[in-house]
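2 protein chains.
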Amino acid sequence: MNDAPLRLAAVLFEGFETLDVFGPLQIFGNAPDVFEIFTVAPASGPVRSRQGQQVVAEYDLHGCPEPDALLVPGGWGTRELVDDARFIDWLAARGRDASLTMSVCTGAALIARAGLLDGRRATTNKLAFDWVRSQGPEVEWQTHARWIDEGEVVTSAGVSAGIDMALGVIARLVGEDRARLLADLAEYEWNRNPDHDRFATAAGLA
Amino acid sequence: MNDAPLRLAAVLFEGFETLDVFGPLQIFGNAPDVFEIFTVAPASGPVRSRQGQQVVAEYDLHGCPEPDALLVPGGWGTRELVDDARFIDWLAARGRDASLTMSVCTGAALIARAGLLDGRRATTNKLAFDWVRSQGPEVEWQTHARWIDEGEVVTSAGVSAGIDMALGVIARLVGEDRARLLADLAEYEWNRNPDHDRFATAAGLA
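These protein sequences, in sequence, are chains A and B.
Counting from 14, one number per residue, gives the positions in the first sequence under the numbering used here.
Counting from 14, one number per residue, gives the positions in the second sequence under the numbering used here.
The following block contains the structure:
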């Protein structure tokens, strides 16, 4: 990859799940030649995660630069946000224009409502599967998957699965060696197999 | 544990490593009966992580409530902070009074400089081992460890090891079942063995 880094919008909202955002950003943030990261939320300024910490959104939806890539987390905040037409319209437009939209956990419900998953295979958190599925009737939901790479759209299972997905995306964009290096820097045991998903079985989604 | 939750100070500073903080907080933040979390930094307000995102520190050192527990991350910011007498003095005093001080990654250098590790076993990031060791000559540094629980002080290896340590601390405080539940909620494959450390060997610390 000799091009400029992809401008990655990390989407925040009240009640986002902490690790859904900061797992992938730990990986992408150490690859500044691949991703240039900024944060965006329905309103700019501090946004409180489900776990209670406040993270600064640099942009609101209106002022946000057009991203090349999006990272959409899950969390309890998605339950309200799926019905927020202004947010969903923004996500639909930005997702259509971006070359890469990634969701973690119940973030899949948001990109499903934005129509970005129609006709595509996708996965999500195994403990919220039925609810997420109800948000995207035209999506080919997969119960057993750590993450699913459909090219322009990549979805991951719950929370920590976002780290494995991020490494998978790095492997596709700049090679497996770089992904291994970034995993090693975090002393992280990368689950490299996107089909390995013990949690689907544990959640009774056999 | 029928007591009030432990007041946990999550320490931030410019250049902290993202996942060092947000891995453990993902776990602890879902156990509000065990930990009541607040953030503190040398100055209150937004603090930029090594990976570029800004997180709000609710308190500065002076205004910070006395914590029962501390979480001290690592990252490049530690290289300056080990020589910041005001911060190290604060950490020494708060760590002595707290019942639990935890470090992730090169955060061990900070608590070593604060004297909290003298005569104790401790570990740290395997790629920065020599530098961290130089910050605490009276510490019994252990090259092979995912985390080391010395009771009042618990240290972990690099970055993602903080998640395993956090689950280990939860297991000690409120039982292994709770730790498993919190890991499952994050769809996280907990490395339950504190002595399992592939990265020490990889870093040539055999």
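C-beta: ideal position from N, C-alpha, C; glycine also.
Test item: CB-CB of residue i and residue j under 8 Å
i, j, result
"aspartate 33 of chain A", "glycine 87 of chain A", "yes"
"glycine 181 of chain B", "aspartate 162 of chain B", "yes"
"valine 24 of chain A", "valine 53 of chain A", "yes"
"glutamate 27 of chain A", "glycine 90 of chain A", "yes"
"glycine 42 of chain B", "threonine 31 of chain A", "yes"
"aspartate 81 of chain B", "arginine 20 of chain B", "yes"
"leucine 84 of chain B", "proline 37 of chain B", "yes"
Burial state of residue i (16 or more Cβ within 10 Å)
i, result
"glutamate 151 of chain A", "exposed"
"proline 78 of chain A", "exposed"
"serine 173 of chain A", "buried"
"alanine 98 of chain A", "exposed"
"leucine 194 of chain B", "exposed"
"serine 112 of chain A", "exposed"
"threonine 137 of chain B", "buried"
"threonine 214 of chain A", "exposed"
"glutamate 71 of chain A", "buried"
"alanine 17 of chain A", "exposed"
"alanine 106 of chain A", "exposed"
Short CB-CB distance (under 8 Å) between residue i and chain B
i, result
"leucine 38 of chain A", "yes"
"valine 69 of chain A", "yes"
"glycine 42 of chain A", "yes"
"valine 145 of chain A", "no"
"valine 172 of chain A", "yes"
"phenylalanine 35 of chain A", "yes"
"glutamate 189 of chain A", "no"
"glutamine 148 of chain A", "no"
"isoleucine 183 of chain A", "no"
"isoleucine 50 of chain A", "yes"
"glycine 164 of chain A", "no"
"phenylalanine 100 of chain A", "no"
"phenylalanine 142 of chain A", "no"
"tryptophan 59 of chain A", "It is proline, not tryptophan, that sits at residue 59 of chain A in the sequence shown. Interface residue, yes."
Collapsed DSSP secondary structure at residue i in the structure displayed
i, result
"arginine 134 of chain A", "strand"
"proline 37 of chain A", "helix"
"threonine 168 of chain A", "strand"
"alanine 215 of chain B", "helix"
"leucine 32 of chain B", "helix"
"threonine 114 of chain A", "strand"
"valine 152 of chain A", "coil"
"leucine 123 of chain A", "helix"
"aspartate 102 of chain A", "helix"
"leucine 94 of chain B", "helix"
Test: residue i CB closer than 8 Å to a CB of chain A
i, result
"tyrosine 72 of chain B", "no"
"glutamate 200 of chain B", "yes"
"glutamine 155 of chain B", "no"
"phenylalanine 26 of chain B", "no"
"alanine 215 of chain B", "yes"
Counterpart residues of residue i in DSSP-defined beta bridges
i, result
"glutamine 67 of chain B", "B:Arg61"
"isoleucine 50 of chain B", "B:Leu21"
"tyrosine 72 of chain B", "B:Val53"
"aspartate 143 of chain A", "Answer is none; aspartate 143 of chain A lacks a bridge partner."
"valine 85 of chain A", "A:Ser116"
Proximity test, residue i beta-carbon vs the ligand NAD heavy atom, cut-off 7 Å
i, result
"arginine 107 of chain A", "Among the components of this structure there are no ligands whatsoever, and the ligand NAD is therefore not found."
Cutoff 8 Å: residue i Cβ touching any chain E Cβ
i, result
"threonine 168 of chain B", "Protein chains in the displayed structure are A and B, and chain E is not among them."
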